[in-house]
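Colleague: At position 138 of the sequence shown (counting the first as 1) the number is 199 in our numbering, and the numbers step up by one without a gap.
Just so it is clear, CB atoms sit at the ideal spot from N, CA and C, and this is done for glycine as well.
Predicted model only: the values in this text are computed from it and were never measured.
Have a look at the structure that comes next, please.
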Amino acid sequence: MAVSLGNEPEIDKQRRRILKNMAAYSLPHFGDLPTENLEEYYNVDIDFNGNEIQMDLNFENKSIDRLTMDKVKHFIENIDRFDKLNKTYILNDYNDEDADTVKFYLEHHLEEIGKDELSKLINFDATTTKPEQQLLTKLILVRVGLYPENADNFAIFDYSIGREITDYLVVIITNEKGELVNMTMES
């Protein structure tokens, strides 16, 4: 003989809520995401240091483990630190005689974009700082793409002097620890 507790519907609601919470993972800016039946792509626009940037998550599989989501959460919570690290990579590339990504990006824009357009960003009449160096300081983060299932190419950071000025980007690819994997210019 079955014993009735008299509140089975309430117990079922609580059980569903518990199961739902177990199957969801809360990420900064994204909110609760399922760990099962994932979409391939999620994106949000966030305020980052006074600028709006796009942040996206890219999944290869329909499910993901909590340990990997912990890494994603940690990465998102430390975007500011990774941005500062990336600025070091950008500066190192600029100052390296054998590297050409950042110099080429800056030279390309100084040659291809009119002075009128660039004068909104830099002072061509400045005697203490060259236009190229001024433009270097205008590179800002515009997008962070996270690829949690790829430990070596975990994050892609896009930097620009302004989306309204150019489609070209300095792209930095890092591993899950924020260590530089590759830097390139793309459009």
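1) Buried or exposed: where does Phe215 fall if 16 or more other Cβ atoms within 10 Å of its Cβ makes it buried?
2) Based on DSSP bridge pairs, tell me the residues matched to Ser180.
3) Nearest-angstrom Cα distance between Ile114 and Lys176?
4) Do the segment 183-198 and the segment 157-175 meet, that is, are 3 or more Cβ pairs less than 8 Å apart?
5) How long is the line joining the alpha carbons of Ile226 and Val163, rounded to whole angstroms?
6) Could you name the residues that DSSP lists as bridge partners for Leu118?
7) For Ile97, which residues of its own chain have a beta-carbon under 8 Å away from its beta-carbon, when the five flanking residues on both sides are left out?
8) On the DSSP bridge list, what partners appear for Ile217?
9) Could you tell me the alpha carbon to alpha carbon distance between Leu94 and Asp219, rounded to whole angstroms?
10) Taking all protein chains shown into account, do 16 or more other C-beta atoms lie within 10 angstroms of the C-beta of Phe136, making it buried, or fewer, making it exposed?
11) First and last residue of the alpha helix (DSSP H) that includes Asn156?
12) Suppose contacts are defined by Cβ-Cβ distances below 8 Å. Is Tyr150 in contact with Met244 by that definition?
13) Just reading off the alpha helix (DSSP H) that Tyr166 is part of, what are its end residues?
Modeller: Straight from the coordinates:
1) buried
2) Per DSSP, none; premise fails for Ser180.
3) 26 Å
4) yes
5) 17 Å
6) Tyr103 and Leu207
7) For the sequence presented, residue 97 should be read as Glu rather than Ile. Excluding residues within five positions, the ones whose Cβ falls inside 8 Å are Ala84, Lys123 and Ser124.
8) Gly206 and Ile234
9) 24 Å
10) buried
11) Ile140 to Asn156
12) yes
13) Thr162 to Glu173
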